[in-house]
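What follows is a short report on a single structure.
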Amino acid sequence: MEMTERHVMGLIEMLYKMADDQLIIGHRNSEWTGLGPILEEDIAFSSMAQDKIGQSLALYELLHELGEQDPDTVAFTRNAEQFHCCQLVEAPIGEFDFSIVRQYLFDQAEALRFEMLITSVYEPLAMVSRKFRGEIKYHVMHGKTWIEQLSKGNEESHDRMQQALNAVWPLALGMFEEGDYEKEIAEVHIFAGEKALQARWMETVVPFLSSCGLEIPAHSDAVLGGRKGKHSPELQPLLDEMCEVFRIDPSAEW
Amino acid sequence: MKIKSLDPRIERAQLDSDSQEGMNSPMDQFQTYEVFEQKKRGTHHIHVGSVHAPNAELASVFAKEQYTRRGQCVNLWVVPTAAIYATAYEDADIFETTPSKYHRDPESYKVMDRIQAFKQKQNA
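Listed in order, the protein sequences are those of chains A and B.
Take any residue in the first sequence, note its place counting from 1, add 130, and you have its number in this note's numbering.
Take any residue in the second sequence, note its place counting from 1, add 21, and you have its number in this note's numbering.
Below is the structure:
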């Protein structure tokens with residue numbers, strides 16, 4: 131099947147939401163730098179935040195090749211309503227329990243998304259997916275190891291994991307908000323779609339969380355809107371902070 | 022008094038400068054694990070440092086970012102520090118005469134000359 135303008139628009143829409151998710155969660159998680167629960171975790175969490183920003187750069191570069199603005203302009207000059215990230219990634223870091231549950235649920239989705247994209251007909255994206263496979267595998271390993279440890283720790287740590295899961299779950303479901311071109315990108319095999327990804331994610335995270343003695347929140351509605359530019363009030367202050375240096379001096383090297 | 026900082030994260034945390042919270046007693050720490058990295062398959066694992074962790078799995082997760090964030094690595098070992106039995110420094114004299122036992126050094130054997138000569142012939 132031939133690629134039409136609508137297919138390219140679908141591709142661009144998908145790349146924006148993936149890159150924006152990574153940039154924003156990367157910036158959010160970097161807020162733990164210097165404040166992590168122990169030195170070793172501080173370094174691990176900060177490294178992963180850095181990885182996320184690197185992943186977003188690779189995707190913004192693909193967008194640039196497709197005719198969008200250069201990565202710095204895209205990252206630093208848009209307002210909240212021009213971002214396509216889900217509301218999961220913009221929520222404040224909260225306590226470590228919230229951040230670690232979010233980290234796992236996000237990265238598990240990301241790992242599955244990239245795994246699906248390895249066979250994408252859009253070869254530059256398939257290449258990026260292959261490149262980051264190991265990096266994301268570590269991120270998932272990190273999240274799982276912590277959640278298992280804390281869920282099976284003591285009563286307090288188990289309760290806090292459960293409460294964090296209850297808080298993160300509806301936001302996490304918002305990752306799979308469908309775009310306007312789901313049919314188009316699926317029919318030319320760019321990506322099988324958000325519904326397919328969500329099904330694979332559920333098959334992966336539900337048995338794992340259950341094995342940790344955690345209950346999946348029932349009757350939980352997804353927090354939607356992020357993909358269409360509808361964000362929580364927390365996103366704009368994050369952007370103001372992230373873009374501060376760029377706005378003072380766009381030519382600054384740092 | 023609240024701590025004033027240019028770092029917005031510190032400002033948000035509203036930290037009390039007189040607080041004793043988070044001050045741990047010396048024993049209130051995780052145990053340590055020694056970390057060994059292997060740079061290439063088939064080569065030796067080399068000791069690179071240690072990490073604090075509640076168990077081996079998390080020690081491995083920490084060691085990966087602590088010690089392999091720069092440079093190549095294909096495999097990591099973590100071993101509880103407590104599992105290591107070490108010699109005492111006051112017994113270091115047990116090694117004292119070793120450097121003079123040159124007969125244990127294969128480099129000192131005459132046969133090395135013949136091996137070198139053979140190698141040169143092969144390469145010629």
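C-beta atoms are modelled at their ideal positions from N, C-alpha and C, and glycine is treated no differently.
For clarity, every value in this text was computed on a predicted model and none was experimentally measured.
Shorter than 7 Å from the beta carbon of residue i to some beta carbon of chain B?
i       : result
T203(A) : no
E285(A) : no
A174(A) : yes
Q341(A) : The sequence as given places Ser at residue 341(A); Gln does not occur at that position. So, not an interface residue.
S250(A) : no
H269(A) : no
H288(A) : no
S177(A) : yes
H272(A) : yes
T207(A) : no
T275(A) : yes
When the Cα atoms are used, what is the spatial distance from residue i to residue j?
i       : j       : result
G304(A) : D351(A) : 9 Å
N144(B) : L247(A) : 51 Å
Y234(A) : H269(A) : 8 Å
A326(A) : H319(A) : 13 Å
L339(A) : L192(A) : 35 Å
A34(B)  : S26(B)  : 10 Å
R125(B) : H65(B)  : 22 Å
E83(A)  : R357(A) : Outside the modelled stretch of chain A, which goes from 131 to 384, sits residue 83(A), for which no answer is possible.
K267(A) : S259(A) : 12 Å
F76(A)  : V204(A) : The structure shown does not extend to residue 76(A), since chain A is modelled only from 131 to 384, so the question has no answer here.
A188(A) : P337(A) : 32 Å
F206(A) : Y110(B) : 58 Å
S287(A) : A80(B)  : 19 Å
Q52(B)  : E314(A) : 54 Å
Q141(B) : R91(B)  : 39 Å
Q328(A) : M144(A) : 15 Å
A294(A) : F228(A) : 5 Å
F83(B)  : E135(A) : 46 Å
V251(A) : W276(A) : 36 Å
L280(A) : E253(A) : 40 Å
A77(B)  : L97(B)  : 11 Å
G283(A) : D39(B)  : 31 Å
N296(A) : S71(B)  : 36 Å
F226(A) : H137(A) : 40 Å
E285(A) : D114(B) : 52 Å
D311(A) : S176(A) : Strictly speaking, residue 311(A) in this sequence is Tyr, with Asp absent from that position. Taking the straight line joining both Cα atoms gives about 35 Å.
A149(A) : I105(B) : 46 Å
M131(A) : L169(A) : 53 Å
E245(A) : D151(A) : 17 Å
D200(A) : D181(A) : 20 Å
Check the DSSP bridge columns for residue i and list the partner residues they point to.
i      : result
E4(B)  : The first residue shown for chain B is 22 and the last is 145, placing residue 4(B) beyond what the model contains.
K23(B) : D37(B)
Considering just the uninterrupted stretch of the alpha helix (DSSP H) at residue i, what are its terminal residues?
i       : result
R33(B)  : P29 to A34
Q217(A) : Q217 to E220
V318(A) : Neither: V318(A) is in no alpha helix (DSSP H) and is coded neither H nor E.
K325(A) : E324 to S341
Y234(A) : F226 to L247
Y110(B) : Note, Y110(B): premise wrong, no alpha helix (DSSP H); not H, not E.
Y146(A) : E135 to S160
D289(A) : E285 to L303
P201(A) : P201 to F206
I378(A) : E374 to I378
L169(A) : L169 to E195
T275(A) : E253 to S281
V95(B)  : No alpha helix (DSSP H) contains V95(B), which DSSP labels as neither H nor E.
L79(B)  : A77 to Y88
K358(A) : No alpha helix (DSSP H) contains K358(A), which DSSP labels as neither H nor E.
Between residue i and chain A, is any beta-carbon pair separated by less than 7 Å?
i       : result
E55(B)  : no
E32(B)  : no
E78(B)  : yes
P120(B) : no
F116(B) : no
P29(B)  : yes
F139(B) : no
V69(B)  : no
H124(B) : no
H66(B)  : no
V72(B)  : yes
V82(B)  : yes
For residue i, would you say it is in contact with chain D, using Cβ-to-Cβ distances shorter than 7 Å as the test?
i       : result
S362(A) : No chain D appears in the structure shown, which is made up of the protein chains A and B.
Using 6 Å as the cut-off, classify the Cβ of residue i as near or not near the heavy atoms of the ligand FAD, replying yes or no.
i       : result
S176(A) : This structure lacks the ligand FAD, and indeed carries no ligand of any kind.
Exercise. For the stretch 87 to 98 of chain B, which residues have a beta carbon sitting closer than 7 Å to at least one beta carbon of chain A?
Worked result: Q87 and R90
For this session: Check each residue of the stretch 97 to 113 of chain B: if its Cβ is closer than 7 Å to any Cβ of chain A, include it; give the result in chain order.
Result: none
Exercise. Name the residues in the stretch 145 to 170 of chain A whose C-beta lies less than 7 Å from a C-beta of chain B; which are they?
Worked result: E161, L165, I168 and E170
Exercise. Got a sec: which bits of the stretch 351 to 376 of chain A sit with their beta carbon under 8 Å from any beta carbon on chain B, in order along the chain?
Worked result: E371
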